[in-house]
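If you count the sequence shown from 1, you need to add 10 to reach this note's numbering.
A virtual CB, placed ideally from N, CA and C, is assigned to each residue, including glycine.
One structure is given here, and the rest of the page talks about it.
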Amino acid sequence: MSHSSKKLFKHAAERIAFDEQHRKTIQFNMGKYHAAVGAGKLRYANLDAARIKASEIKRHTLANLPQYLEEFEKNCIQNGITVLWAQTAADAIQYITNILQEHKVTSVVKSKSMTTEEIELNHELEKIGIESVETDLGEYIVQLAGEKPYHIVTPAMHKSKQDVAVLFHQKFGFPLTSTAEEMTNLARQKLREKYLAAGAGITGANFLIADKGGVCVTENEGNAIMSTAFPDIHIAIAGIEKVIPSFKDLALFWPHLAQHGTGQAISSYNTMFTGPRKKNEPHGPSHMYVILLDNGRSNLYAQEKLNVALSCIRCGACLNACPIYKNVGGYTYNTTYQGPIGTVISPHLGNFQEHIHLSTACSLCAGCTEVCPVKIPLHELIHENRKRAVSQNFFPLTEQLGMKAFEYVASKSKRMDLIGSTLKNILLSIAGSRLWGKKREFPKIAKQSFRKQYLKLAKKQKNTKQ
Ligand code: SF4
11 MSHSSKKLFK
21 HAAERIAFDE
31 QHRKTIQFNM
41 GKYHAAVGAG
51 KLRYANLDAA
61 RIKASEIKRH
71 TLANLPQYLE
81 EFEKNCIQNG
91 ITVLWAQTAA
101 DAIQYITNIL
111 QEHKVTSVVK
121 SKSMTTEEIE
131 LNHELEKIGI
141 ESVETDLGEY
151 IVQLAGEKPY
161 HIVTPAMHKS
171 KQDVAVLFHQ
181 KFGFPLTSTA
191 EEMTNLARQK
201 LREKYLAAGA
211 GITGANFLIA
221 DKGGVCVTEN
231 EGNAIMSTAF
241 PDIHIAIAGI
251 EKVIPSFKDL
261 ALFWPHLAQH
271 GTGQAISSYN
281 TMFTGPRKKN
291 EPHGPSHMYV
301 ILLDNGRSNL
311 YAQEKLNVAL
321 SCIRCGACLN
331 ACPIYKNVGG
341 YTYNTTYQGP
351 IGTVISPHLG
361 NFQEHIHLST
371 ACSLCAGCTE
381 VCPVKIPLHE
391 LIHENRKRAV
401 SQNFFPLTEQ
411 LGMKAFEYVA
421 SKSKRMDLIG
431 STLKNILLSI
441 AGSRLWGKKR
451 EFPKIAKQSF
461 RKQYLKLAKK
471 QKNTKQ
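Structure follows, in structure tokens:
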């Protein structure tokens with residue numbers, strides 16, 4: 011376990027968990043989410059049946075992943091799409107750079123995509139002098155602020171309307187008293203210029219459709235359609251796990267994703283891109299590329315007990331259900347994917363040692379598992395991660411010895427009673443400040459243990475009877 015990343019996590023968590031403004035903003039935004047999703051779930055005649063069906067399709071696809079990917083590739087090629095396989099983030103960046111340079115592109119517009127966050131595309135394009143502009147409003151806001159997405163579905167969830175007003179004031183001199191509508195209009199106006207100037211549009215993919223060779227994108231702002239309609243090049247980048255067998259599966263997945271992501275019956279715009287413009291079509295990009303990204307997914311796929319995590323449709327519901335996420339916020343994770351799903355997959359997509367400490371920041375309450383639309387047993391996978399960390403000796407020796415000593419003493423109440431309450435309180439405050447942070451106080455241990463009190467009472471009652 012990397013001590014520095016664990017330390018950073020603990021410090022960041024300790025700071026943000028006591029930031030009242032942050033708490034207020036998150037509670038407000040999460041409150042809106044929970045109200046919408048709660049009401050939306052009533053639309054299902056049988057929610058659990060939908061979750062089971064969705065999980066079966068995803069599990070079946072995973073079990074046959076190589077075949078479905080080959081089918082997807084074959085159909086894409088027939089549709090005139092160039093398919094590129096990227097083993098690593100660096101490969102994906104190289105492909106994108108080559109395409110953009112070959113077509114002499116100097117600016118791109120991007121729709122929201124966590125996969126492009128994963129490969130740090132904006133940063134890489136900036137290094138070679140290509141402007142990359144986020145067009146999803148939330149993404150646009152965090153990009154302007156020089157930040158990363160705070161949440162996989164709502165990237166600017168941590169910002170209040172006032173925070174955005176201050177940002178727009180600093181960047182554009184816009185009045186601090188602007189309404190949300192005025193600020194949205196300003197962003198729209200600014201982005202229009204970018205769409206028209208961009209040489210390429212880059213999107214992610216919510217689903218890759220094997221039987222059609224199509225790339226599906228679901229959104230609410232129309233920015234993905236705009237990003238692909240104006241520029242002459244469309245590049246879609248997606249993780250290999252995004253494939254599903256058939257176009258027909260969208261009848262379930264599109265509303266299911268919208269419902270769990272935002273509480274909508276279905277997102278406002280749902281598009282399947284099936285290639286560049288044809289000879290008789292006047293509009294649309296003349297070239298379309300799909301980059302299929304591995305970047306650690308094969309490593310996760312090879313792990314029988316964990317690969318079900320590749321069923322994720324990135325709805326974000328598990329983040330919103332997670333008491334840890336709600337307290338420590340998205341940035342504390344320091345990973346592309348945060349919350350329960352990020353905790354499960356990050357050690358396997360990237361460096362195990364670097365991210366495994368996240369699995370210890372979990373109460374195993376199973377709230378995430380309960381809400382997951384594709385029935386990923388997230389809390390069990392987090393537990394599995396912990397077991398691996400223990401079996402691979404990733405915890406420091408002092409912690410291991412401490413746990414062994416605790417196990418020995420706590421497994422017998424008589425042993426626990428050998429230590430007085432004063433010493434117990436001292437030990438707890440030392441361990442508590444190490445494990446729970448300095449700002450949290452452990453409740454005080456009673457002078458007498460329950461066992462002692464019970465024995466005393468039993469003895470008293472016996473004497474009274476006699
Ligand atoms: S793990 Fe489940 S709940 Fe979490 S983002 Fe993925 S699909 Fe949604």
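- With contacts defined by Cβ atoms closer than 9 Å, P350 and C332 form a contacting pair.
- Placement of the Cβ of G340 at a distance of 8 Å or more from every heavy atom of ligand 1 is found.
- DSSP places A102 in the helix class (H, G or I) of the three-state scheme.
- Counting only runs that start and end inside the stretch 156 to 218, the beta strand (DSSP E) elements of at least 3 residues fall at 210 to 213.
- Counting the other CB atoms within 10 Å of its CB gives A73 a total below 16, which places it among the exposed residues.
- Every alpha helix (DSSP H) of 4 residues or more that sits fully in the stretch 16 to 83 is shown, in chain order, as 30 to 51 and 57 to 73.
- Assignment of beta-bridge partners to N280 by DSSP yields T228.
- By alpha-carbon distance to D101, the top candidate from T408, V338, L303 and V176 is L303.
- With fewer than three CB-CB distances shorter than 8 Å, the stretch 202 to 220 does not count as touching the stretch 28 to 40.
- Excluding five sequence positions before and after T194, the CB atoms of its chain that fall closer than 7 Å to its own CB belong to L147, given in chain order.
- Cβ neighbours of T126 within its own chain (closer than 8 Å, five residues either side excluded): K120, N132, I212, G214 and I247.
- Between ligand 1 and S123, a heavy atom-to-CB distance of less than 8 Å is absent.
- Linking S321 to P295 through their CA atoms gives a straight-line distance of about 31 Å.
- Proximity of the beta carbon of A327 to ligand 1 is indicated: a heavy atom of the ligand is located closer than 8 Å.
- Taking a cut-off of 8 Å on C-beta distances, the stretch 259 to 278 does not touch the stretch 174 to 185, as fewer than three cross pairs fall below it.
- Looking at the backbone, the Cα of P76 and that of L433 are separated by about 59 Å.
- Its chain contains N89, G90, I91 and M298 as the residues whose beta carbon lies nearer than 6 Å to that of G285, once the 5 sequence neighbours on both sides are disregarded; these appear in chain order.
- For L262, the distance from the CB to the nearest heavy atom of ligand 1 is not below 8 Å.
- In terms of Cβ geometry, R287 and M124 do not form a close pair [threshold 9 Å].
- Ranked by how close their Cα comes to the Cα of A208, the residues I129, N56, H113 and T346 have H113 in first place.
- When the beta-carbon positions are compared, L201 and T164 stay at least 9 Å from each other.
- For V338, the three-state secondary structure derived from DSSP is helix.
- 9 Å or more divides the Cβ of K169 from the Cβ of L218.
- Distance from E394 to K315 at the Cβ level is roughly 5 Å; contact confirmed, criterion being Cβ atoms closer than 8 Å.
- Of the heavy atoms belonging to ligand 1, none sits nearer than 8 Å to the Cβ of I392.
- Residues of the same chain with a CB within less than 6 Å of the CB of Q269, apart from the 5 flanking positions on each side, are G50 in chain order.
- The residue among T370, A210 and Y205 with its C-alpha nearest the C-alpha of N108 is A210.
- In this structure the stretch 369 to 386 touches the stretch 60 to 73; the number of beta carbon pairs closer than 8 Å is three or more.
- The closest heavy atom of ligand 1 lies 8 Å or more from the beta carbon of P265.
- According to the DSSP secondary-structure assignment, V115 is paired through a beta bridge with no residue.
- Following the DSSP letters along the chain, one finds S142 inside the beta strand (DSSP E) bounded by residues E141 to E144.
- Around V115, the same chain offers G209 and A210 as residues with beta carbons nearer than 6 Å, after the five sequence neighbours per side are excluded.
- When secondary structure is reduced to three states using DSSP, T345 falls in the coil class, being assigned neither helix nor strand.
- In terms of Cα proximity to L329, the closest of K122, L79, L310 and T346 is T346.
- Per DSSP, the unbroken beta strand (DSSP E) holding T92 starts and ends at T92 to A96.
- Close CB contacts of A23 within its chain, under the 6 Å cut and outside five residues either way in sequence, are with V338 and T342 (chain order).
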